[in-house]
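Student:
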Ligand SMILES: [Zn+2]
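In our numbering, the protein residues as written are -15 to 154.
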């Protein structure tokens, strides 16, 4: 399979230019325009364990690029989470819990979106075959865990759905 264009500028579908370098298993560099975001790859580190080095790099690359490709969706979700009036919190502990829930839900959904982009990019059959040949103990946990975090985090951030007119008048 062809190798991704590492270190070259690639444009996301909405025009954002990005450059990705998979330095090694423990260090990735994403450059968006003039902004450099070097970081240790948490998700890629765990869910690429056991894959041949070429596949590890390839899937890691598309995962990072997936973050750029799915950024608009992740932002929309983030906006929906922080939308004023979506949850009524008054005390500081409530506010901090809500902030943590927003960050977790946003991050978890973005990871799911990026990895879904990887599946789409390499093809669902090839993706499944690759992980069947090289089983990874973290993969299932990643999909289930992130989905749960995204759901529970969103629920905590938005609060329980309220029925209009149900609130008590003072
Ligand atoms: Zn990621």
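Glycine included, each C-beta is placed from N, C-alpha and C at the ideal position.
Computed from a predicted structure; not experimentally measured.
So, is residue 82 buried or exposed, given that buried needs 16 or more other C-beta atoms within 10 angstroms?
Tutor: Stepping through the chain shown from its first residue, residue 82 is reached at position 98. Label assigned to residue 82: buried.
Student: Can you tell me whether residue 112 is buried or exposed? The criterion is at least 16 other CB atoms within 10 Å of its CB, across all chains shown.
Tutor: Taking the first residue of the chain shown as 1, we reach residue 112 at position 128. Answer is exposed; the Cβ neighbour count stays below 16.
Student: Secondary structure at residue 11, three-state DSSP: helix, strand or coil?
Tutor: The residue given as residue 11 occupies position 27 in the chain shown. Strand at residue 11.
Student: Extract the residue ranges of the beta strand (DSSP E) inside the segment 10 to 84, only unbroken runs of 3 or more that lie entirely within it.
Tutor: Fully contained in the segment 10 to 84 are the following beta strand (DSSP E) runs of length 3 or more, in chain order: 11 to 16 and 19 to 23.
Student: Grab the span of the alpha helix (DSSP H) containing residue 0 for me, first residue to last.
Tutor: Here residue 0 refers to the residue found at position 16 when the chain shown is read from its first residue. That residue, residue 0, is in no alpha helix (DSSP H); it is neither H nor E in DSSP.
Student: Using 8 Å as the threshold, is the segment 100 to 110 in touch with the segment 1 to 17, meaning 3 or more CB pairs across them?
Tutor: no
Student: State the CB to CB distance for the pair residue 5 and residue 43, rounded to an integer number of angstroms; the pair is presumed to be in contact (CB under 8 Å).
Tutor: Along the chain shown, one-based indexing puts residue 5 at 21. Along the chain shown, one-based indexing puts residue 43 at 59. Contact flag wrong, Cβ pair sits at about 15 Å.
Student: For residue -1 and residue 84, I'd like the C-alpha separation in whole angstroms.
Tutor: Position 15 of the chain shown, counting from 1, holds the residue named residue -1. Position 100 of the chain shown, counting from 1, holds the residue named residue 84. Taking the straight line from one Cα to the other gives about 31 Å.
Student: Since residue 129 is in the alpha helix (DSSP H), which residue starts that stretch and which ends it?
Tutor: Taking the first residue of the chain shown as 1, we reach residue 129 at position 145. From DSSP, the alpha helix (DSSP H) with residue 129 extends over 123 to 142.
Student: Indicate whether the contact test is met: 3 or more Cβ pairs, each with one atom in the segment 28 to 48 and one in the segment 113 to 125, closer than 8 Å.
Tutor: yes
Student: Taking only heavy atoms of ligand 1 into account, decide whether any of them is closer than 8 Å to the Cβ of residue 25.
Tutor: Taking the first residue of the chain shown as position 1, residue 25 is located at position 41. For ligand 1, at least one heavy atom lies less than 8 Å from the Cβ of residue 25.
Student: Measuring from the CB of residue 8, is there a heavy atom of ligand 1 at a distance below 8 Å?
Tutor: Position 24 of the chain shown holds residue 8. No; taking the cut-off as 8 Å, the Cβ of residue 8 has no heavy atom of ligand 1 nearer than that.
Student: Taking the alpha-carbon of residue 52 as reference, which of 99, 86 and 67 has the nearest alpha-carbon?
Tutor: Taking the first residue of the chain shown as 1, we reach residue 52 at position 68. That would be 99, whose Cα lies nearest to the Cα of residue 52.
Student: For residue 47, which option in 135, 2, 116 and 60 has the closest C-alpha, if you only look at C-alpha atoms?
Tutor: Translated into positions along the chain shown, residue 47 becomes position 63. If we check each option's Cα against that of residue 47, 2 comes out closest.
Student: Distance, Cα to Cα, residue 40 vs residue 28?
Tutor: Translated into the one-based positions of the chain shown, residue 40 becomes position 56. Translated into the one-based positions of the chain shown, residue 28 becomes position 44. If I take the Cα positions, the gap works out to 8 Å.
Student: Under the criterion of a Cβ to heavy atom distance below 8 Å, does residue 98 qualify as lining ligand 1?
Tutor: Locating residue 98 in the chain shown gives position 114, where the first residue counts as 1. True, at least one ligand heavy atom lies under 8 Å from that Cβ.
Student: Beta-carbon within less than 6 Å of residue 140's beta-carbon, same chain only, minus the 5 sequence neighbours each way: which residues are those?
Tutor: Taking the chain shown and counting its residues from 1, one reaches residue 140 at position 156. Closer than 6 Å at the Cβ level, and outside the excluded window around residue 140, lie 85.
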